[in-house]
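Asker: Got a structure here, written out as structure tokens. Questions coming.
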Amino acid sequence: MPSSSKYLCFLQVFLLYSIQSSVSMEIDFTIEVEPGVQDCFYENFNASSNDIDIEYQVIEGGELDINFMMQGPRGVILASEKRQTEGVHSYTQQPPGDYKFCFDNTFSRMSSKQVFFEIITDSMEEEDEWFQDAKDDLGELAAIVNMKMVDFKLLIDRVKKNVDKSISLQQILRVFEARDRSIAEDNFQRVNWFSGVYLVIMISVGLTQVIMIRSLFDDNSKLNRIMRSRS
Amino acid sequence: MNLHVAFLTFSVIITTSSALYFHIDETEKKCFIEEIPDETMVVGHYKVEVYDRNVNDYVPTVYGLGMHVEIRDPEDKVVLSRIYAAEGRFTFTSHLAGEHIVCLYSNSTAWFSSGQLRIHLDIQVGEHAIDYQQIQTKEKLSELQLRIRQLLDQVEQITKEQNYQRYREERFRQTSESTNQRVLWWSIAQSVILLITGFWQMKHLKSFFEAKKLV
Numbered sequence: 000m001p002s003s004s005k006y007l008c009f010l011q012v013f014l015l016y017s018i019q020s021s022v023s024m025e026i027d028f029t030i031e032v033e034p035g036v037q038d039c040f041y042e043n044f045n046a047s048s049n050d051i052d053i054e055y056q057v058i059e060g061g062e063l064d065i066n067f068m069m070q071g072p073r074g075v076i077l078a079s080e081k082r083q084t085e086g087v088h089s090y091t092q093q094p095p096g097d098y099k100f101c102f103d104n105t106f107s108r109m110s111s112k113q114v115f116f117e118i119i120t121d122s123m124e125e126e127d128e129w130f131q132d133a134k135d136d137l138g139e140l141a142a143i144v145n146m147k148m149v150d151f152k153l154l155i156d157r158v159k160k161n162v163d164k165s166i167s168l169q170q171i172l173r174v175f176e177a178r179d180r181s182i183a184e185d186n187f188q189r190v191n192w193f194s195g196v197y198l199v200i201m202i203s204v205g206l207t208q209v210i211m212i213r214s215l216f217d218d219n220s221k222l223n224r225i226m227r228s229r230s
Numbered sequence: 000m001n002l003h004v005a006f007l008t009f010s011v012i013i014t015t016s017s018a019l020y021f022h023i024d025e026t027e028k029k030c031f032i033e034e035i036p037d038e039t040m041v042v043g044h045y046k047v048e049v050y051d052r053n054v055n056d057y058v059p060t061v062y063g064l065g066m067h068v069e070i071r072d073p074e075d076k077v078v079l080s081r082i083y084a085a086e087g088r089f090t091f092t093s094h095l096a097g098e099h100i101v102c103l104y105s106n107s108t109a110w111f112s113s114g115q116l117r118i119h120l121d122i123q124v125g126e127h128a129i130d131y132q133q134i135q136t137k138e139k140l141s142e143l144q145l146r147i148r149q150l151l152d153q154v155e156q157i158t159k160e161q162n163y164q165r166y167r168e169e170r171f172r173q174t175s176e177s178t179n180q181r182v183l184w185w186s187i188a189q190s191v192i193l194l195i196t197g198f199w200q201m202k203h204l205k206s207f208f209e210a211k212k213l214v
């Protein structure tokens, strides 16, 4: 084999290996589950041993509760929760295969639920590859900044880790805030609606009382005849 | 040589596509909500497979089945509405901060659904959506510069999200304060109305009984 294609073969194998060994994945979606409907999602995990984290929260709708079910390959039920507002599940060393996550709103007849869910699989450290490629630049930079190459790499890695943490924390806070805001807006609507209803009820009860009492003493009114025939 | 390159790129695509999948009917519409700040790029990849009863499994579509992708912004205005092929990629940049709704449905013209579709979907938002390989070749950045560029983009995304969070918290606070005020005013108003109704009833009945000469 000519050397260029031998090199390409090696590169292919190396690339395949390096990509498959760094299976880091974060999937998040916000869905609206209609009343009386079950929404299911499937995910295929390839590696021989997977660490799976799933987290879900009901953001809006009704009593903010939903049924959750998680099923592994070969139909093994890993989690089943009824009418929870939120849930966090962590599994380590799971076999490869298709995993099923279901959000069930069948118990509700009127309110559709807005659910946020996030699936995270553990990441292998693929970050060190960039260091190998960047060695020349780092050497040049180290001369200017007067820092050792290794220290600079550690600095950048720390910054990246902190930034990643900030982003995921921001997302969690965003979802919590969305849920609180939807509760506050619900309260607002409820206060408005019921105040109007009570006003109407009060005034109509007042009028009804006066009319009833008048008709008790008014001999030729319709109500009087009805009340007399009853007694 | 070309075959090697093709296989390489093909394998990269296969092993890095880590999408969730779900089943829908041919005529069903499936929507996802993305709450994002403004000027944020969103990229979505999807792949459609059809259930083949002969094989009893899902196979890639061969005939002209396409997916209609519809994206609405927080003001319910359609931002993107296009038909893509059975496997495609859609992208849009938000101009308003808020809840954008991404809907997918097939362009099948059947009146009632006869087949099940399996859709693989992956939606990336913000800095996850940026294709750094492309930026590296376009701006000719070295590995270190690319790395720092990634960090800068991520921090910018955090700043945008924080601004949006501040705006949402303000709206939340306004709603709460307005509810608080309304509860107070409605309680006072209801007490006043109760008292007025009581007085009116007494006055009216008193004059009624006096007219009837019962008092």
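Protein sequences, first through last, are from chains A and B.
Here the first sequence is numbered in numbering that gives the first Met the number 0, starting from 0 and rising by one per residue.
Here the second sequence is numbered in numbering that gives the first Met the number 0, starting from 0 and rising by one per residue.
The C-beta atom is built at its ideal place from N, Cα and C for all residues, glycine as well.
1. Pair every Cβ in the region 53-73 of chain B with every Cβ in the region 100-110 of chain B, then say whether three or more of these pairs are closer than 8 Å.
2. Against chain A, does Lys28/B count as a neighbour if the rule is that its beta carbon must be under 8 Å from one of theirs?
3. When you compare each of Thr84/A, Ile65/A, Glu54/A, Asp52/A to Asp179/A by their alpha carbons, which one comes out closest?
4. Who are the Cβ neighbours of His44/B in its own chain at under 6 Å, not counting the five residues just before and after it?
5. Nearest-angstrom Cα distance between Asp156/A and Ala85/B?
6. Locate the beta strand (DSSP E) running through Met69/A, then write down its first and last residues.
7. With distance defined between alpha-carbon atoms, name the residue in Gln149/B, Lys205/B, Lys29/B, Arg165/B nearest to Val162/A.
8. Leaving aside the five residues before and after Leu204/B along the sequence, list all residues of the same chain whose C-beta is less than 8 Å from its C-beta, in chain order.
9. Taking beta-carbon pairs under 8 Å, can you tell me which members of the region 193-212 of chain A lie near chain B?
10. Touch check for the region 159-172 of chain B and the region 162-176 of chain A: three-plus C-beta pairs under 8 Å?
11. Just mark Arg73/A as buried or exposed, buried being the case when its beta carbon has 16 or more other beta carbons within 10 Å.
12. With 16 other CB atoms within 10 Å as the buried threshold, where does Asp98/A fall?
13. Which residues, in order along the region 156-183 of chain B, keep a beta-carbon less than 8 Å from a beta-carbon of chain A?
14. Using 10 angstroms around the beta-carbon of Gly35/A, count the other beta-carbons present and answer buried if the total reaches 16, otherwise exposed.
15. Just list the beta strand (DSSP E) runs in the region 153-205 of chain B, keeping only unbroken ones of 3 residues or longer that don't cross its boundaries, in chain order.
16. For my contact list, Phe102/A and Val32/A are in at a C-beta cut-off of 8 Å; report their separation, rounded to the angstrom.
17. How about Ile118/A and Ile26/A: are their beta carbons less than 8 Å apart?
18. Which whole runs of the alpha helix (DSSP H) in the region 116-141 of chain B are 4 residues long or more, in chain order?
19. I want to see whether chain A comes within less than 8 Å of Glu34/B, judged by CB atoms only; does it?
20. If Ile118/B and Ile23/B are in contact, beta carbons under 8 Å, what's the gap, nearest whole angstrom?
21. Would you list the one or two residues that DSSP bridges to Val49/B?
22. Under the assumption that Val47/B contacts Thr39/B (Cβ atoms under 8 Å), give the Cβ distance between them as a whole number of angstroms.
23. Using the C-alpha atoms, what's the distance from Thr178/B back to Arg213/A?
24. Mind checking whether Cys30/B and Val77/B have CB atoms under 8 Å apart?
25. Taking 8 Å as the CB-CB cut-off, is Tyr41/A touching chain B?
26. Please list, in chain order, all residues of the same chain as Phe21/B whose beta carbon is under 8 Å from its beta carbon, the five residues on each side excluded.
27. Does the beta carbon of Tyr20/B sit closer than 8 Å to a beta carbon anywhere in chain A?
28. State the DSSP-derived secondary structure class of Gly63/B, mapped to helix, strand or coil.
29. Could you check where the alpha helix (DSSP H) with Lys81/A kicks off and where it finishes?
30. Looking at chain B, which residues of the region 141-155 of chain A have a Cβ within less than 8 Å of any of its Cβ atoms?
Answerer: In this structure, then:
1. yes
2. no
3. Thr84/A
4. Arg88, Asp121
5. 39 Å
6. 65-70
7. That would be Gln149/B, whose Cα lies nearest to the Cα of Val162/A.
8. Same-chain partners within the cutoff: there are none.
9. Ser194, Tyr197, Leu198, Met201, Ile202, Gly205, Gln208, Val209, Ile212
10. The region 159-172 of chain B makes contact with the region 162-176 of chain A: 3 or more CB pairs, one atom from each, lie closer than 8 Å.
11. exposed
12. A small fix is needed here, since residue 98/A is Tyr in this sequence, not Asp. Tyr98/A should be labelled buried.
13. Gln156, Ile157, Glu160, Gln161, Gln164, Arg167, Glu168, Arg170, Phe171, Thr174, Ser175, Ser177, Thr178, Arg181, Val182
14. exposed
15. none
16. 5 Å
17. yes
18. Fully enclosed alpha helix (DSSP H) runs of 4 or longer: 131-138.
19. yes
20. That belief holds up - the Cβ atoms of Ile118/B and Ile23/B are roughly 7 Å apart, short of 8 Å.
21. DSSP lists Val58/B, Leu116/B as the beta-bridge partner residues of Val49/B.
22. The Cβ separation is near 26 Å, so there is no contact.
23. 40 Å
24. no
25. yes
26. Lys29, Arg117, Ile118, Leu120
27. yes
28. coil
29. It is not in any alpha helix (DSSP H) - Lys81/A instead sits in the beta strand (DSSP E) that spans 76-83.
30. Ile155
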